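Visitor:
Number of protein chains: 2
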Amino acid sequence: MTVIFSKKCELALQAVLYLSVFNDETYFTATGISKRLKIPKDFLAKILQSLAVHSIVISKKGKSGGFTLGKPLNEIRLIDIVIAMDGLEIFHKCVLGFKGCTVEKPCPVHEKWGKLRDLTYKMLSEETLLEIRDKSIEKIKSIHYINDESLALTQSIVDRRLN
Amino acid sequence: MTVIFSKKCELALQAVLYLSVFNDETYFTATGISKRLKIPKDFLAKILQSLAVHSIVISKKGKSGGFTLGKPLNEIRLIDIVIAMDGLEIFHKCVLGFKGCTVEKPCPVHEKWGKLRDLTYKMLSEETLLEIRDKSIEKIKSIHYINDESLALTQSIVDRRLN
DNA sequence: TTAATATCAGATTTATATGTCTGTTATGAA
DNA sequence: TTCATAACAGACATATAAATCTGATATTAA
């Protein structure tokens with residue numbers, strides 16, 4: 037079980053954070069990203085496609101193709117990825133699952149969860165990829181590549197940029 | 037999709053809140069509870085069985101059997117139900133899904149989510165069913181029975197207690 | 001121009017969560 | 001004692017999410 041986001045959303049967030057580390061027009065392949073993040077390649081490919089539809093990333097077909105961020109770092113927030121993948125449901129639904137949970141007919145934790153939910157939204161929306169970039173770099177650096185001859189060159193380029 | 041808890045957990049919380057409203061040794065049937073809460077009977081039956089295993093409710097077989105709370109109201113907290121149904125995973129796992137998310141290798145929202153996660157835990161554990169009982173009563177009252185001849189008597193008894 | 005490469009589109013499979021069904025067992029009321 | 005009732009146990013079915021596969025299309029380096 038995931039914490040609050042779907043697996044799809046979690047991996048989308050990871051992939052976008054990965055791209056934010058480089059912040060240039062280089063196109064990174066689904067395969068390369070999946071190896072670095074150690075996540076299923078085909079699943080990630082679908083997710084990146086979906087992110088492309090939402091203009092969060094830009095895709096390029098063919099040789100030397102791949103994915104790159106669709107906007108400047110300061111124009112992408114984590115909440116944008118969450119909304120694209122999971123929608124806004126989790127910010128509207130009752131945490132206890134009651135159907136008609138409103139201010140008039142509140143559940144026993146309506147108010148308390150309301151505050152926590154708003155703080156969660158704030159956490160995801162008050163900063164852009166630019167402000168959290170240093171933290172993203174450190175995190176991505178801490179994830180070691182799966183060793184792979186064919187990616188050796190790419191890896192060295194990536195590592196050089198990361199260090 | 038649910039907010040943070042599984043459907044099983046949501047329905048368990050609702051059922052326990054329902055029982056907390058009456059706070060006596062009356063045994064309520066799975067069928068009766070499901071009609072009041074408008075949730076699938078057989079699924080709820082399974083959930084109540086599971087709650088019985090965890091001593092959160094007590095079950096009684098046969099005629100005039102059913103389920104009642106296993107402890108006094110002031111000894112049951114919402115977190116007890118959550119742990120019984122979903123475990124503690126959501127309070128330990130990285131909200132972005134990163135595998136090794138620790139203080140040493142934190143994800144970009146590690147600290148912020150840590151605070152929100154702790155506040156969520158606090159919300160579920162600092163009060164017992166006794167303290168939230170008034171709110172529970174109001175909420176259960178706001179849910180109308182599915183009309184059913186065979187439950188008319190039971191319903192009137194319940195409503196009398198609720199009013 | 002050709003070959004290699006990478007996304008794209010959609011179908012398919014697998015895993016997990018959710019929900020249902022059936023026969024059995026225990027209980028209490030008539 | 002008999003009968004109706006309700007939980008119980010485990011199998012079964014369905015829905016959704018997660019993951020994989022295949023052929024088509026676009027791109028570019030050689």
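If you're matching them up, the sequences are chains A and B in order.
Using this note's numbering, the letters of the first sequence correspond one by one to residues 37 to 199.
Using this note's numbering, the letters of the second sequence correspond one by one to residues 37 to 199.
Where a beta carbon is used, it is the ideal one built from N, C-alpha and C, also for glycine.
Quantities reported herein were computed from a predicted structural model and do not represent experimental measurements.
(1) Which same chain residues end up closer than 8 Å to B:R169 when comparing Cβ atoms and leaving out the 5 residues on each side of it in sequence?
(2) Closest Cβ-Cβ distance between A:E185 and chain B: below 8 Å?
(3) Is any beta-carbon of chain B found at less than 8 Å from that of A:N199?
(4) In angstroms, rounded to a whole number, what distance separates the CA positions of A:F41 and B:G98?
(5) Which residue from B:L114, B:K171, B:S91 puts its Cα closest to that of B:E46?
(6) Taking B:K107 as the reference, give the member of B:H90, B:V118, B:G123 with the closest Cα.
(7) Identify the contact partners of B:S178 in chain A, using a Cβ-Cβ distance below 8 Å as the criterion.
(8) If you compare alpha carbons, which of A:L73, A:K171, A:I119, A:E167 is closest to B:G133?
(9) Tell whether a beta-carbon distance below 8 Å holds between B:T65 and B:G123.
(10) Cβ of A:M159 within 8 Å of Cβ of A:A48?
(11) Could you tell me the distance, in whole angstroms, from the CA atom of B:V52 to the CA atom of A:I112?
(12) If the criterion is Cβ atoms closer than 8 Å, does the pair A:I92 and A:I126 meet it?
(13) Determine which residues of the segment 141-155 of chain B have a Cβ less than 9 Å from any Cβ of chain A, and write them out in chain order.
(14) Which same chain residues end up closer than 8 Å to A:P144 when comparing Cβ atoms and leaving out the 5 residues on each side of it in sequence?
(15) Can you look up A:G68 in the DSSP assignment and give me helix, strand or coil?
(16) Can you give me the start and stop residues for the alpha helix (DSSP H) that B:A141 sits inside?
(17) Which residues in the same chain as B:A88 place their Cβ atom closer than 6 Å to its Cβ, once the five residues preceding and following it in sequence are excluded?
(18) Can you name the residues that DSSP bridges to B:K96?
(19) Which first and last residues belong to the alpha helix (DSSP H) in which B:F79 is found?
(20) What are the residues of the segment 50-65 of chain B that lie near chain A, defined by any Cβ-Cβ distance shorter than 8 Å?
(21) May I ask you to report which of helix, strand or coil DSSP gives A:T62?
(22) Are the beta-carbon atoms of B:K203 and A:V39 separated by less than 8 Å?
(23) Tell me whether A:M156 sits in a helix, a strand or coil according to DSSP, three-state version.
(24) Less than 8 Å between C-beta atoms, sequence neighbours within five positions excluded: which residues of the same chain meet that for B:T164?
(25) Taking 8 Å as the threshold (beta carbon to beta carbon), is A:T38 in contact with chain B?
Guide: On the basis of the coordinates in this document:
(1) Within the same chain, B:R169 has close Cβ partners S56, V57, N59, L109.
(2) Legend: pLDDT at A:E185 = 49, less than 50; position of this residue unreliable, no value from coordinates given.
(3) Residue placement at A:N199 cannot be trusted, given a pLDDT of 44 that sits under 50; what the coordinates show is reported in the next sentence. No, its Cβ sits nowhere closer than 8 Å to a Cβ of chain B.
(4) Between A:F41 and B:G98, the C-alpha separation is close to 43 Å.
(5) Among B:L114, B:K171, B:S91, the Cα nearest to that of B:E46 belongs to B:L114.
(6) Out of B:H90, B:V118, B:G123, B:H90 has the C-alpha closest to the C-alpha of B:K107.
(7) Ordered by position in chain A, the residues that pass the 8 Å Cβ test against B:S178 are G136, K141.
(8) Selected option, being the one with the closest Cα: A:L73.
(9) No, they are not a contact pair.
(10) With respect to the 8 Å criterion, A:M159 and A:A48 are not classified as neighbours on the basis of their beta carbons.
(11) Roughly 42 Å between the two C-alpha positions.
(12) No; because the gap between Cβ atoms is not below 8 Å, this pair is not in contact.
(13) Here the close residues are K141, P142, C143, P144, V145, H146, K148, W149, K151, L152, R153, L155.
(14) Within the same chain, Cβ atoms closer than 8 Å to the Cβ of A:P144 are found at L132, the five residues on either side in sequence being excluded.
(15) DSSP places A:G68 in the helix class (H, G or I) of the three-state scheme.
(16) Looking at the sequence provided, one finds Lys at residue 141 of chain B rather than Ala. B:K141 -> no alpha helix (DSSP H), and no H or E assigned at all.
(17) Scanning its chain for C-beta atoms nearer than 6 Å, with the 5 sequence neighbours on each side dropped, one finds around B:A88 the residues S95, in chain order.
(18) The bridge partners DSSP lists for B:K96 are B:G102.
(19) 77-89 is the span of the alpha helix (DSSP H), which, as asked, contains B:F79.
(20) Answer set for the segment 50-65 of chain B: Q50, L53.
(21) Looking at A:T62 - three-state DSSP - the assignment turns out to be coil, as it is neither helix nor strand.
(22) Summary: the structure shown does not reach residue 203 of chain B, with chain B confined to residues 37 through 199, and so no result is reported for it.
(23) Checking the sequence shown, residue 156 of chain A turns out to be Thr, not Met. Here DSSP, grouped into helix, strand and coil, assigns A:T156 to helix.
(24) Excluding positions up to five away in sequence, the list reads L109, N110, E111, I112, R113.
(25) So yes, A:T38 belongs to the interface.
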